[in-house]
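Chemist: When you line the sequence shown up against our numbering, it's residues 15 to 312, in that order.
Heads up, the beta-carbon is just placed ideally off N, CA and C, and yes, glycines get one too.
Supplied in structure tokens, the structure appears directly below.
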Amino acid sequence: MVIVLYALTAFLYASLTWHAWATRNPQGRLAAAGPALAETAPAARPAAWWRGAWLLVLLTHGLLLHETIFRDNGMIFGFAYALSAMLWLGIGIYWIESFFFALAGLGLIVTPVALVASLLPLLFPGSQILGYAASGLFKFHFIIANVAYGLFTLAAFHAVLMLLAERRLHTFSRPGAGVAAPVREPLWLGRWLDLLPPLLTLEKLLFRLIGAGFVLLTLTIVSGVLFSETIFSRAARFDHKTVFALISWVMFGGILLARRLYGWRGRVALRWVIAAFCMLLLAYVGSRFVLEVVVHRL
């Protein structure tokens with residue numbers, strides 16, 4: 015059953031990835047054929063089957079995570095499962111966003127990454143969590159933490175695409191000997207970026223994701239302190255996970271504060287978002303990767 019779910023999830027992600035790349039920017043291809051034809055072409059909108067396919071892959075990937083993490087003999091988790099769950103939640107948020115905004119360009123990068131992440135637990139099976147897995151506080155902490163990770167994962171993808179779009183917007187020419195020469199970019203990249211909404215729309219979405227993620231990350235840290243106090247009789251365990259989680263919390267909070275007080279935007283804000291997300295990745299995924307793969311300690 016589990017192998018079938020792995021195969022079906024991978025097939026659906028691969029099919030959506032192929033379709034997204036095969037049909038990217040039909041307006042760009044029509045424009046190459048002739049401006050008049052491009053102007054008369056209707057704007058591309060997601061078809062009903064497309065939304066249904068995304069819902070199917072979300073359900074399949076979610077069932078796969080449930081069957082592989084929550085087993086009869088306990089709960090299995092590790093860095094590979096964390097990445098898979100993060101991308102699954104990120105895909106779910108992306109699917110909801112797609113009802114309100116044209117985000118085909120974002121799907122081109124999120125889908126193949128989700129495909130790889132969904133298969134990682136086959137290579138890195140994780141370890142069993144005993145004793146406290148049935149605790150209600152642990153389940154709340156686990157769910158909130160993963161939703162926060164999913165929000166920040168999608169925010170990081172937003173930031174990467176916005177950096178590419180910003181670079182394209184501000185780099186129209188290279189300095190030459192008196193005459194500016196046009197900058198040539200790969201054709202696929204131009205068509206990909208053409209699928210994105212305006213930068214202001216992406217920026218608004220980005221900070222909404224960060225705001226919601228920051229609230230959930232705060233709840234994650236608070237519930238983690240309560241959970242640690244209940245299970246280990248200590249309010250906090252200052253290991254790598256805790257330190258990096260606190261650093262990322264401070265960084266994301268600082269980004270939101272600087273946005274409100276100083277109107278932070280553009281490349282500086284986007285680079286800080288990516289840096290904060292990297293800290294968050296190191297909090298659990300990075301520490302578990304070192305334990306499971308580098309030092310082989312489960």
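Can you find at least 3 beta carbon pairs, one from the region 158-166 and one from the region 96-103, that sit closer than 8 Å?
Modeler: The region 158-166 vs the region 96-103: in contact.
Chemist: Can you tell which of Ala-170, Ala-36, Leu-178, Arg-85 has the C-alpha that lies nearest to the C-alpha of Ala-289?
Modeler: The residue given as residue 289 occupies position 275 in the sequence shown. For Ala-289, the nearest C-alpha among the options comes from Ala-170.
Chemist: Since Ala-259 contacts Ala-297 with CB under 8 Å, what's their CB separation in whole angstroms?
Modeler: Counting from 1 along the sequence shown, the entry for residue 259 is found at position 245. Counting from 1 along the sequence shown, the entry for residue 297 is found at position 283. With 8 Å as the limit, Ala-259 and Ala-297 qualify as a contact, their Cβ atoms being about 4 Å apart.
Chemist: How would you call Ala-347, buried or exposed, if buried means at least 16 neighbouring beta carbons within 10 angstroms?
Modeler: Residue 347 falls outside the range modelled here, since the chain spans only 15 to 312, and no answer is possible.
Chemist: Can you name, in chain order, every residue of its own chain whose Cβ lies under 8 Å from the Cβ of Val-16, other than the five neighbours on each side?
Modeler: Counting from 1 along the sequence shown, the entry for residue 16 is found at position 2. Once the five neighbours on either side are set aside, the close Cβ partners of Val-16 are Leu-78, Glu-81, Thr-82.
Chemist: Nearest to Leu-230 by CA position, among Tyr-20, Leu-213, Leu-214, Phe-156, is which residue?
Modeler: Residue numbering aside, residue 230 sits at position 216 when the sequence shown is read from its first letter. Nearest C-alpha to Leu-230: Phe-156.
Chemist: Would you call the CB atoms of Ala-128 and Ile-105 closer than 7 Å?
Modeler: As a first step, residue 128 must be located in the sequence shown, where it is residue number 114. As a first step, residue 105 must be located in the sequence shown, where it is residue number 91. Yes, Cβ-Cβ distance for Ala-128 and Ile-105 is below 7 Å.
Chemist: Below 8 Å on the Cβ atoms is my guess for Leu-214 versus Ser-262; work out the distance and round it to an integer in Å.
Modeler: To locate residue 214, count along the sequence shown from 1; it is residue 200. To locate residue 262, count along the sequence shown from 1; it is residue 248. Not quite, the Cβ-Cβ distance comes to about 26 Å (not below 8 Å), so this is no contact.
Chemist: State the start and end residues of the unbroken alpha helix (DSSP H) segment that holds Met-293.
Modeler: Within the sequence shown, numbered from 1, the residue matching residue 293 stands at position 279. 280-295 is the span of the alpha helix (DSSP H), which, as asked, contains Met-293.
Chemist: CB Gly-140 to CB Phe-91, shorter than 7 Å?
Modeler: In the sequence shown, the residue the question calls residue 140 occupies position 126. In the sequence shown, the residue the question calls residue 91 occupies position 77. Yes; because the gap between Cβ atoms is below 7 Å, this pair is in contact.
Chemist: Could you check if Leu-73 is buried or exposed, using at least 16 other CB atoms within 10 Å of its CB as the buried criterion?
Modeler: Position 59 of the sequence shown, counting from 1, holds the residue named residue 73. Label assigned to Leu-73: exposed.
Chemist: Can you say whether Trp-32 is buried or exposed, counting buried as having 16 or more other CB atoms within 10 angstroms of its CB?
Modeler: Your numbering for residue 32 matches position 18 in the sequence shown. Per the 10 Å Cβ criterion, exposed.
Chemist: Let's see if you can read the secondary structure: which residues bound the beta strand (DSSP E) around Phe-91?
Modeler: Translated into the one-based positions of the sequence shown, residue 91 becomes position 77. 88-91 is the extent of the beta strand (DSSP E) around Phe-91.
Chemist: Tell me, please, which residues DSSP counts as bridged to Phe-138.
Modeler: Locating residue 138 in the sequence shown gives position 124, counting from the first residue. In DSSP, Phe-138 forms no bridge with anything.
Chemist: Nearest CA to the CA of Thr-256: which residue from Gly-277, Arg-285, Ser-237?
Modeler: Here the question's residue 256 lines up with position 242 in the sequence shown. Out of Gly-277, Arg-285, Ser-237, Ser-237 has the C-alpha closest to the C-alpha of Thr-256.
Chemist: Please report how far the alpha carbon of Ala-226 lies from the alpha carbon of Trp-278, in whole angstroms.
Modeler: Along the sequence shown, one-based indexing puts residue 226 at 212. Along the sequence shown, one-based indexing puts residue 278 at 264. For Ala-226 and Trp-278, the distance between alpha carbons rounds to 18 Å.
Chemist: Quick check: the Cα distance between Leu-30 and Tyr-20, rounded to an integer number of angstroms?
Modeler: Counted from its first residue, the sequence shown places residue 30 at position 16. Counted from its first residue, the sequence shown places residue 20 at position 6. The straight-line gap from Cα to Cα measures roughly 16 Å.
Chemist: Express the C-alpha separation of Gly-300 and Arg-85 in angstroms, rounding to a whole number.
Modeler: Stepping through the sequence shown from its first residue, residue 85 is reached at position 71. Stepping through the sequence shown from its first residue, residue 300 is reached at position 286. C-alpha separation (whole angstroms): 24 Å.
Chemist: Can you tell me where the alpha helix (DSSP H) holding Ala-36 begins and where it ends?
Modeler: Here residue 36 refers to the residue found at position 22 when the sequence shown is read from its first residue. Run containing Ala-36: 16-36, per the alpha helix (DSSP H) assignment.
Chemist: Does DSSP put Phe-156 in a helix, a strand or coil?
Modeler: Reading the sequence shown from its first residue, position 142 is the one you call residue 156. Phe-156 falls in the helix class under three-state DSSP.
Chemist: Comparing C-alpha positions only, which one of Arg-222, Leu-175, Thr-232 sits nearest to Leu-8?
Modeler: Summary: the structure shown does not reach residue 8, with the chain confined to residues 15 through 312, and so no result is reported for it.
Chemist: Report the rounded CA-to-CA distance for Ala-50 versus Pro-126, giving the unit in angstroms.
Modeler: As a position in the sequence shown, residue 50 is number 36, starting the count at 1. As a position in the sequence shown, residue 126 is number 112, starting the count at 1. Because Ala-50 sits at a pLDDT of 41, beneath the cut-off of 50, its placement in the model cannot be relied upon, and the point is left open.
Chemist: Quick check: Thr-232 and Ser-132, are their CB atoms within less than 7 Å of each other?
Modeler: Position 218 of the sequence shown holds residue 232. Position 118 of the sequence shown holds residue 132. No.
Chemist: Give me the residue from Leu-103, Cys-292, Pro-135, Phe-266 with the minimum Cα distance to Val-124.
Modeler: Residue mapping note: residue 124 aligns to position 110 of the sequence shown, counting from 1. When each option's Cα is compared against that of Val-124, the closest is Leu-103.
Chemist: Using the Cα positions of His-254 and Arg-222, report the straight-line distance between them to the nearest angstrom.
Modeler: Here residue 254 refers to the residue found at position 240 of the sequence shown. Here residue 222 refers to the residue found at position 208 of the sequence shown. Spanning the two alpha carbons is a distance of roughly 28 Å.
Chemist: Let's see if you can read the secondary structure: which residues bound the alpha helix (DSSP H) around Ala-272?
Modeler: As a working mapping, residue 272 is identified with position 258 in the sequence shown. 254-276 is the extent of the alpha helix (DSSP H) around Ala-272.
Chemist: Let me check one thing: in DSSP terms, what residues is Arg-85 bridge-paired to?
Modeler: Your numbering for residue 85 matches position 71 in the sequence shown. Per DSSP, Gly-88.
Chemist: What did DSSP end up calling Ser-314 once you bin it into helix, strand or coil?
Modeler: No answer is possible for residue 314: the residues shown for the chain start at 15 and end at 312.
Chemist: According to DSSP, simplified to helix, strand and coil, what is Leu-117?
Modeler: Mapped onto the sequence shown, residue 117 falls at position 103. The answer is coil: DSSP assigns Leu-117 none of H, G, I, E or B.
Chemist: Under 7 Å between the Cβ atoms of Phe-266 and Phe-152?
Modeler: Locating residue 266 in the sequence shown gives position 252, counting from the first residue. Locating residue 152 in the sequence shown gives position 138, counting from the first residue. Cβ atoms of Phe-266 and Phe-152: not closer than 7 Å.
Chemist: Beta-carbon within less than 7 Å of Arg-281's beta-carbon, same chain only, minus the 5 sequence neighbours each way: which residues are those?
Modeler: For the purposes of this step, residue 281 is identified with residue 267 of the sequence shown, where counting begins at 1. So the list reads Leu-177, Glu-180, once near-sequence residues are dropped.
Chemist: Which residue from Phe-115, Phe-25, Leu-168, Ala-116 puts its Cα closest to that of Ala-67?
Modeler: Translated into positions along the sequence shown, residue 67 becomes position 53. Checked all of Phe-115, Phe-25, Leu-168, Ala-116; the closest Cα to Ala-67 is Phe-25.
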